[in-house]
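Residue numbers (UniProt numbering): 1 to 139.
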């Protein structure tokens, strides 16, 4: 089907393929959905970076509290002298609970959960952008 350039310039009626309008409208709808996905992915990627950045200080605070509270020494006692721990297991568990840094552990768990949730949404919104899009046009 050769179209002469003179026909286009003279504004003569050119044959239009069947379903062309539907294909164009569907393509516009697909592009709008991809634009929404790109924006959501950008927002979630920013949240993922922020949550990862928040996880590092939370881990450092948790590790600092673990080493300064004596929790690691009680935990090491469990492996070095199991007989004493077995005899005094109730006091040992209470000592472990007393020295466990609850606030920094909760902050670390919150940061890890935020990172995992952000990662979940990053995968959800990023997968359609990475995969090769297939467009199905219906007439």
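Beta carbons: idealized from backbone N, C-alpha and C, even for Gly.
| request: Could you please give the first and the last residue of the uninterrupted alpha helix (DSSP H) stretch that includes residue 65? | output: Here the alpha helix (DSSP H) through residue 65 covers 20-69.
| field | DSSP state of residue 14 mapped onto helix, strand, coil | value | coil
| message | Once the 5 residues before and after residue 121 are set aside, which same chain residues still bring their CB inside 7 Å of it? | response | 44
| said: Quick check on the DSSP output: the alpha helix (DSSP H) that includes residue 104 runs from which residue to which? | reply: 102-130
| query | Can you tell me whether residue 65 is buried or exposed, with buried defined as 16 or more other CB within 10 angstroms of its CB? | reply | buried
| field | Minimum C-alpha distance to residue 114 - residue among 53, 103, 96, 80 | value | 53
| Would the beta-carbon of residue 125 fall within 8 Å of that of residue 41? | yes
| Per-residue burial, residue 48 [other beta carbons within 10 Å of its own, 16 or more giving buried] | buried
| request: Give the straight-line distance between the Cα atoms of residue 16 and residue 33, rounded to the nearest whole angstrom. | output: Those two C-alpha atoms are separated by around 27 Å.
| field | Inter-residue CB distance, residue 85 and residue 77 (contact presumed, cutoff 8 Å) | value | Confirmed, Cβ separation roughly 6 Å.
| Which same chain residues, not among the five before or five after residue 58, have their C-beta less than 6 Å away from its C-beta? | 107, 108, 111
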